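Asks: Chains as they are written, first to last, in the working numbering: chain A, 1 to 157; chain B, 158 to 314.
Number of protein chains: 2
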Amino acid sequence: MTVKNNLPLALRAAYLALHRRTEARFAQHDVTADQFVLLATLARGDALTQRELGQRMSSDPSTVRAMLVLLERRGLIQRESHPTDARARTVSLTPAGRRKFRQLWKAGNSIRETMFGALPPDEAAALVRNLTKIAETLNQGCVPVRGPIALHSTEVA
Amino acid sequence: MTVKNNLPLALRAAYLALHRRTEARFAQHDVTADQFVLLATLARGDALTQRELGQRMSSDPSTVRAMLVLLERRGLIQRESHPTDARARTVSLTPAGRRKFRQLWKAGNSIRETMFGALPPDEAAALVRNLTKIAETLNQGCVPVRGPIALHSTEVA
DNA sequence: TATTGTTATACTCTATAACTATA
DNA sequence: TATAGTTATAGAGTATAACAATA
């Protein structure tokens, strides 16, 4: 079926267009699109462990570390030892990081509006719902399922 | 609005899930997900120039070249001088490349089915349509459009 | 002059495996 | 034994700029 066969490439084309546009927009702020995602993830749930952070932005622990090293060097994030687990380190935005994120969020607004505006108003919600469903389904059995992560989670579900 | 704000990350999560799953599936065939896209693009339109190829898979010319060098070394694609334009080179699949692509297409089928199956049947077509629309909209004014259209594009200094 | 492709270069993200130190 | 993080290492994709050959 055509729709089935076109779905993967259509998804890729849409994401790549978003990624490139975001990259271009944030270049003058010296932040990559993925670094923005990391900052945004921290802005929503501060004091995550590196592992939690990686899971929420679907990145490898060593990838996350590489990104954190870059951002820490620039004073946008900070890492502290976890209060109850000496193995872990909690990651949070510095005041400068928080400022930077607010800038970026503002700078990215027109992109979000462009995307949203391209859609029929009554179909946007279904799009987000279906994208989320696809992500969930594709991750089943692929992502290393871990135990009760929520034990360390500071965020209330 | 929540839908507007969640759209970019939902798109990213869905694509990354697809990308990782595809990467894992094709690893045993020694082909990356992006290399598969290149092969698929060639399978649909053989004898493209490198530039055309790059445009169709939305990749930079130098990126395309890097990928082609890898694939040429493995005998999956071949480059020949363009019949009428001595500057250009046409790219096409070798017989081995064609065989490889058929294998990959088959190997990827369950992923396409998983994605498609996760959607309400009456919403799949709209999803593809809206993803395509998003890609088109976001690429406007960002991608260097070539050919006749470029004549009207005076906005780039 | 504009365009196709190459080259050199650099950087981010990605990922695996071996390692430490804790749990 | 299992987990959090680090380190070393490697590779793919990305992108820019300077360049040659050709249109």
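For glycine and all other residues, C-beta sits at the position ideal for the given N, C-alpha and C.
Bear in mind that the values here come from a model prediction, so they are computed numbers and not experimental data.
Are the region 182–197 of chain B and the region 252–265 of chain B in contact at 8 Å, needing three or more beta carbon pairs?
Replies: Enough Cβ pairs lie closer than 8 Å, so yes.
Asks: For His267/B, does the three-state DSSP call read helix, strand or coil?
Replies: Translated into the one-based positions of the second sequence, residue 267/B becomes position 110. The amino acid at residue 267/B is misidentified as His; the sequence shows Ser. In this structure, Ser267/B counts as helix in the three-state DSSP scheme.
Asks: Look up Arg129/A in the DSSP assignment and say whether it is helix, strand or coil.
Replies: Position 129 of the first sequence, counted from the start, is the residue given in the question as residue 129/A. Residue state, collapsed to three classes: helix.
Asks: Taking 8 Å as the threshold (beta carbon to beta carbon), is Val160/B in contact with chain A?
Replies: Working through the second sequence from its first residue, we reach residue 160/B at position 3. Yes, its Cβ sits closer than 8 Å to a Cβ of chain A.
Asks: Taking 8 Å as the limit between beta carbons, can you name the residues of its chain near Gly75/A, skipping five residues before and five after?
Replies: Here residue 75/A corresponds to residue number 75 of the first sequence, with the count starting at 1. Correct list, in chain order: Thr94, Ala96 and Gly97.
Asks: Within 10 angstroms of the Cβ of Gln297/B, are there 16 or more other Cβ atoms? Answer buried if so, exposed if not.
Replies: Stepping through the second sequence from its first residue, residue 297/B is reached at position 140. The residue in question, Gln297/B, is exposed, as its Cβ has fewer than 16 Cβ neighbours within 10 Å.
Asks: Taking C-beta to C-beta, are Gln50/A and Leu68/A nearer than 8 Å?
Replies: The residue given as residue 50/A occupies position 50 in the first sequence. The residue given as residue 68/A occupies position 68 in the first sequence. Cβ distance < 8 Å, so Gln50/A and Leu68/A count as in contact.
Asks: Taking CB distances under 8 Å as the criterion, tell me whether Val69/A reaches chain B.
Replies: Along the first sequence, one-based indexing puts residue 69/A at 69. Not one chain B Cβ lies under 8 Å of Val69/A.
Asks: Quick check on Leu168/B - is its C-beta less than 8 Å from some C-beta in chain A?
Replies: Position 11 of the second sequence, counting from 1, holds the residue named residue 168/B. Closer than 8 Å to some Cβ of chain A, the Cβ of Leu168/B qualifies, so yes.
Asks: Just to confirm before moving on: does the CB-CB distance between His19/A and Ala33/A stay below 8 Å?
Replies: Residue mapping note: residue 19/A aligns to position 19 of the first sequence, counting from 1. Residue mapping note: residue 33/A aligns to position 33 of the first sequence, counting from 1. Result yes, Cβ atoms of His19/A and Ala33/A sit closer than 8 Å.
Asks: Is Met158/B buried or exposed, if buried means 16 or more other CB atoms sit within 10 Å of its CB?
Replies: The residue given as residue 158/B occupies position 1 in the second sequence. The residue in question, Met158/B, is exposed, as its Cβ has fewer than 16 Cβ neighbours within 10 Å.
Asks: If you run the structure through DSSP and keep just helix, strand and coil, what is Leu93/A?
Replies: Residue 93/A sits at position 93 when you count from the first residue of the first sequence. The answer is strand: DSSP assigns Leu93/A an E or B state.
Asks: Determine which residues of the region 37–65 of chain A have a Cβ less than 8 Å from any Cβ of chain B, and write them out in chain order.
Replies: The residues in question are Val37, Ala40 and Ser58.
Asks: Met115/A: which of Leu205/B, Thr289/B, Met214/B and Thr241/B sits nearest, CA to CA?
Replies: Residue mapping note: residue 115/A aligns to position 115 of the first sequence, counting from 1. Taking only the C-alpha atoms, the option nearest Met115/A is Thr289/B.
Asks: Using CA coordinates, which residue listed in Tyr15/A, Ser92/A and Ser110/A is at the minimum distance from Glu72/A?
Replies: Indexing the first sequence from 1 puts residue 72/A at position 72. Closest option to Glu72/A, Cα to Cα, is Ser92/A.
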